[in-house]
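What follows is a single structure, written as structure tokens, with notes after it.
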Amino acid sequence: MTYLNALRCTQCGKEFEPGQLRYLCDVCSRDYHPGMPLKGILEAVFDYEGIRRAWDEYLSAFPEACEQQKMEELCELFSPVAKEHYPNLPVGYTPLIECANLVAEPLYLKFDGVNPSGSFKDRASHLVVAEAKRLGIREIVAASTGNAASSLAAICASAGIRAVIFTPAKAPIAKLVQIRIHGAELHKVDGTYDDAFAQALEYSATRECLNRNTAYHPYTIEGKKTAGLELFIQLKKSSGLHLCAHRRRGDPGRYAQGFQRSEGSGTDRKAAHSGGSASREFRRHQLLSGNRILPGC
Ligand SMILES: [Zn+2]
């Protein structure tokens, strides 16, 4: 059982049944062409009242629950895929380390390097692979410059699912090795990430597979939000300044989404940090959410 009600277009608000494989809004994505920012990205809509009731009941029934148990419960309540479909890997629930005497204000580091492939991206890959298992799909394709690809390759290997990766030929050699070690099929594209992205779309359009391209499949966003949910438990709140290193896509927005889900009303003050090259989609999402975007440092 899940509390997922629908997938909603972030542009026009049209809602879709979540039971079947779906990527973008069929109306807003008509204008999309490879190389452009994605249009009609979908976000999950949950039964928030149902989750609130279930969460309150859990806290009443288990007042002595430890931090780890609370994180697992909250992430499960906000998962769009039932727990039984997830590969049996230790993804998420990562440590929060306090850095004493480093700066005047309390500073904590969320250590996602302990995930199976050493990356934050495992959160999204874990959920996407669970969704593929739920749908009975045996092949997943993705475009990536490195971390998302090696993450998908590792988690697919654990679930016995074939992974097909399109990556720019100039991707870091360590990542290419990691992808191959896990047995994924690797296609090096003579071009940019956008070219690899387009080739992955072309590949999945003609095959019975699932495409894990970031933001193209809505669960790549849903998977990463678990980091924000965990911080809500670990910090006992979602307020404060959150710093997130990233390259070009909306990873800080995924954290913010977790904060918003855990707070429910989204009225708590939040701030996210961009590395200075945030995508238009991320900036729009942050500004609509009342968050601040700070210049790179
Ligand atoms: Zn739409």
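At position 279 of the sequence shown (counting the first as 1) the number is 278 in numbering that gives the first Met the number 0, and the numbers step up by one without a gap.
Idealized CB from N, CA, C, for every residue including glycine.
Just so you know, these numbers come straight off a predicted model, no measurement behind them.
Between residue i and residue j, what straight-line distance do the alpha-carbon atoms span, to the nearest angstrom?
| i | j | result |
| --- | --- | --- |
| Phe119 | Leu175 | 18 Å |
| Val90 | Asn114 | 5 Å |
| Tyr92 | Arg179 | 27 Å |
| Thr298 | Cys74 | This structure cannot settle anything about residue 298, because the visible part of the chain is limited to 0 through 296. |
| Pro94 | Arg29 | 42 Å |
| Ala147 | Gly18 | 25 Å |
| Ala142 | Arg161 | 15 Å |
| Asn4 | Cys24 | 16 Å |
Would DSSP call residue i helix, strand or coil?
| i | result |
| --- | --- |
| Ala60 | helix |
| Ile220 | helix |
| Leu181 | The question names Leu, but residue 181 in the sequence shown is His. It is coil, neither helix nor strand. |
| Lys82 | helix |
| His32 | coil |
| Glu71 | helix |
| Ala99 | coil |
| Leu106 | coil |
| Asn4 | strand |
| Val44 | strand |
| Thr225 | helix |
| Arg122 | helix |
Going by beta carbon distance, what residues of the same chain come within less than 6 Å of residue i, once the five residues before and after it are set aside?
| i | result |
| --- | --- |
| Val140 | Val163, Ala199, Tyr202, Ser203, Cys208 and Asn210 |
| His181 | Ala152, Ala153 and Ala156 |
| Ser116 | Ser149, Ser150 and Ala153 |
| Gly145 | Ala170, Pro171 and Lys174 |
Beta-carbon within less than 7 Å of residue i's beta-carbon, same chain only, minus the 5 sequence neighbours each way: which residues are those?
| i | result |
| --- | --- |
| Cys27 | Cys8, Gln10, Cys11, Lys38 and Gly39 |
_Around ligand 1, Cβ to any heavy atom closer than 5 Å, ordered along the chain_ = Cys8, Gln10, Cys11, Lys13, Cys24, Val26, Cys27 and Gly39
*Evaluate the contact criterion for the stretch 118-133 versus the stretch 63-70: three or more CB pairs, one atom per stretch, below 8 Å.*
no
*Is it a yes or a no for the stretch 87-104 touching the stretch 0-17, going by three-plus beta-carbon pairs under 8 Å?*
no
*Take every Cβ of the stretch 129-149, pair it with every Cβ of the stretch 99-112, and state whether three or more of those distances are shorter than 8 Å.*
no
*Count the CB pairs spanning the stretch 211-229 and the stretch 73-80 that are closer than 8 Å, and state whether there are at least three.*
yes
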